[in-house]
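The structure appears right after this line, and notes come after that.
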Amino acid sequence: MPPLPPTADLRKLAYFVAVAEELNFTRAAERLQLAQQALSTAIQRLERELGVALFERSTRHVSLTAAGRVLLSEAPGLLAAAEGAWTRTRIAGRSTEHPVLRVGHTPALSGEEVMALLEPVRRVHPDLAVTVTQRWPADLPGLLRRGELDLGLGRRLAAADGVASHALSGGDHELRVALAGDDPLADRDQLALAALAGHVLIIWADPERSGYARSLIDLCRSAGFEPRTRISAMHGAPPVTHVQGPGEFAFVTAPAGATTGDRVRVVSLRERPGAPLTALVPAGEPSGLLAPMLARAGAGTDQPAPA
Numbered sequence: 003m004p005p006l007p008p009t010a011d012l013r014k015l016a017y018f019v020a021v022a023e024e025l026n027f028t029r030a031a032e033r034l035q036l037a038q039q040a041l042s043t044a045i046q047r048l049e050r051e052l053g054v055a056l057f058e059r060s061t062r063h064v065s066l067t068a069a070g071r072v073l074l075s076e077a078p079g080l081l082a083a084a085e086g087a088w089t090r091t092r093i094a095g096r097s098t099e100h101p102v103l104r105v106g107h108t109p110a111l112s113g114e115e116v117m118a119l120l121e122p123v124r125r126v127h128p129d130l131a132v133t134v135t136q137r138w139p140a141d142l143p144g145l146l147r148r149g150e151l152d153l154g155l156g157r158r159l160a161a162a163d164g165v166a167s168h169a170l171s172g173g174d175h176e177l178r179v180a181l182a183g184d185d186p187l188a189d190r191d192q193l194a195l196a197a198l199a200g201h202v203l204i205i206w207a208d209p210e211r212s213g214y215a216r217s218l219i220d221l222c223r224s225a226g227f228e229p230r231t232r233i234s235a236m237h238g239a240p241p242v243t244h245v246q247g248p249g250e251f252a253f254v255t256a257p258a259g260a261t262t263g264d265r266v267r268v269v270s271l272r273e274r275p276g277a278p279l280t281a282l283v284p285a286g287e288p289s290g291l292l293a294p295m296l297a298r299a300g301a302g303t304d305q306p307a308p309a
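3 is the number of the first residue of the sequence shown in my numbering; add one for each residue after it.
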């Protein structure tokens, strides 16, 4: 067996990829849920071990060196290969007597929608234990590759290295808008989207990291206005609860009418835009438990070559 290189530390390699993709140590530290100083120290150690600089740094700018660009071209494949090995090992050692399905969903989906999507699976496997947690869209591919999740659910989720995307069909996924109960527009039975041009759009993730957030902004642009946006600081609550007062709105799939004790009202849109649903699963052979749900997948399945 050839000796391992001195930099065979996957954690530092993953830290490097986060900084290389963000080109910002603060954002990378937030993405990794790590202290910025700890991240900087790890990158410095990696550079010392390699004997090369990976980043050019200034007070306002971070960029990759030539060596950094080479490592960035190689690192994702190495990480995906390692994550795939861990996943296959966990699956092989998992007990089949007490199956567990671990599901992560993005904040854009309500708990009711998640349960409705899982209903075909639970009907076929009534003894199945299911754990459901809310996750950010950008985190789902890594969690699936590492074997920490079996299924990711959200809207407009793209395939990634080692992760396949399935468009799901069925159910009522028409987008409506949630408004504060005392908003001047909340008493309407129906609105044209353009009527919300002066309101602030509540989203759940940075548009740079969320295809669904970008699609909602594009929806407003198609109605003729550039929305001001605010990223909600609430986590785990139903989408309709993220509207805090008059002058704000959020796209939701909840039924039209008063909700949350009349504090919020859901209003239909004249355009009746749709809200596509997506399932992410490990590329290759997904868990057999998911067959009843994936059988409803649309024709738009996107399966990249496994890393």
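The beta-carbon is built from N, C-alpha and C at its ideal position, and this holds for glycine as well.
Model, not experiment: these values are computed from the prediction.
Note: Ala162 is bridge-paired with Val165 in the DSSP secondary-structure output. Boundaries of the alpha helix (DSSP H) harbouring Pro143: Leu142 to Arg147, taken from the DSSP string. Taken through DSSP and simplified to helix, strand or coil, Leu181 comes out as strand.
Using a Cβ distance threshold of 7 Å, Pro139 and Thr108 count as a contacting pair. Relative to Asp163, the option among Arg13, Gly290 and Gly286 whose CA is nearest is Gly286. Taken in chain order, the complete beta strand (DSSP E) segments of 3 or more residues contained in the stretch 188 to 222 are 202 to 205.
DSSP lists Thr135 and Gly154 as the bridge partner or partners of Gly106. By the 16-neighbour rule on beta-carbons within 10 angstroms, Glu58 is exposed. Following the DSSP letters along the chain, one finds Pro294 inside the alpha helix (DSSP H) bounded by residues Ala293 to Leu296. Beta-bridge analysis with DSSP links Pro284 to Val165. Per DSSP, the beta bridge partners of Ser270 are Gln192. Just so you know, the alpha carbons of Thr243 and Glu76 end up roughly 43 Å apart. The continuous beta strand (DSSP E) containing Glu58 extends over residues Phe57 to Arg59.
Shown here for Leu218: same chain residues with a beta carbon closer than 7 Å to its own, the five before and five after excluded, namely Leu203, Ile205 and Phe253 in chain order.
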